[in-house]
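Participant: For the sequence shown, the positions run 1274 to 1398 when the working numbering is used.
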Amino acid sequence: MNKFKFSFKDTKTKHKYGVDITLYGLNKPEANIVYEEVQEGHFEEFLSTKSTYMWFIIEGKGAFVINDEKISVNAKDIIAVPPNNRIHYFGKMKMILFTVPAYNEKNERHIRNIKKEESPYVKNK
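Take a look at the structure:
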C-alpha cells in the first residue's frame, strides 16, 4: 500500500440506515474521509459530540435536516455541521464526507429512527 494513495479497492462498504458508506483507511485521529451513496435518505437522526461533519455533494440532489431546519442541496454544494447538531438527510446523492476530528463511534449519538414517509424522495410511500 502506498502511504499517499488510498484506493477504493482497498476499502469496505457497509450499509447503515439507507446509506452505503465506504471508509478510507487513513487511520489518522485528525480526520476521516468517507464516500457515501444514498438512494432515498439516511433514516437515522444523529449527532456527534466531537466531530464536525462536512459533506461535499458530488452528484444528485436532496435535503439535509439540521436541528429541524431543512436545507436543499445540489451537486457541488457543501454542508458543514459542527458538533452537537442533529442531522439526517434525504435524496439521491453521491457525496464525500470529511469528519474532523476523525469519526469515533463513542462520540456519535443516535437520536431517533426516521420514517421513510418523512422523505419526499421515497417512491411508493
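All C-beta atoms in this analysis are idealised placements derived from N, C-alpha and C, irrespective of residue type, glycine included. The structure presented is a predicted model; accordingly, all values stated were derived computationally and were not measured.
Put F1279 into one of helix, strand or coil per three-state DSSP.
Facilitator: coil
Participant: If the criterion is Cβ atoms closer than 7 Å, does the pair I1339 and N1358 meet it?
Facilitator: Yes, Cβ-Cβ distance for I1339 and N1358 is below 7 Å.
Participant: In whole angstroms, give me the CA-to-CA distance for E1303 and P1374.
Facilitator: 5 Å
Participant: Identify the continuous beta strand (DSSP E) that holds T1284 and give its terminal residues.
Facilitator: Annotation: T1284 is outside any beta strand (DSSP E) and is labelled neither H nor E by DSSP.
Participant: Taking I1387 and E1318 to be in contact with their CB atoms under 8 Å, please state how far apart those CB atoms are, rounded to whole angstroms.
Facilitator: 6 Å
Participant: Compare the Cα-Cα distances from Y1290 to each of N1380, Y1297, Y1362 and report the closest residue.
Facilitator: Y1362
Participant: Within the same chain, show all residues whose beta-carbon is closer than 7 Å to that of P1356, passing over the 5 residues directly before and after it, in chain order.
Facilitator: S1321, T1322, K1323, S1324, T1325
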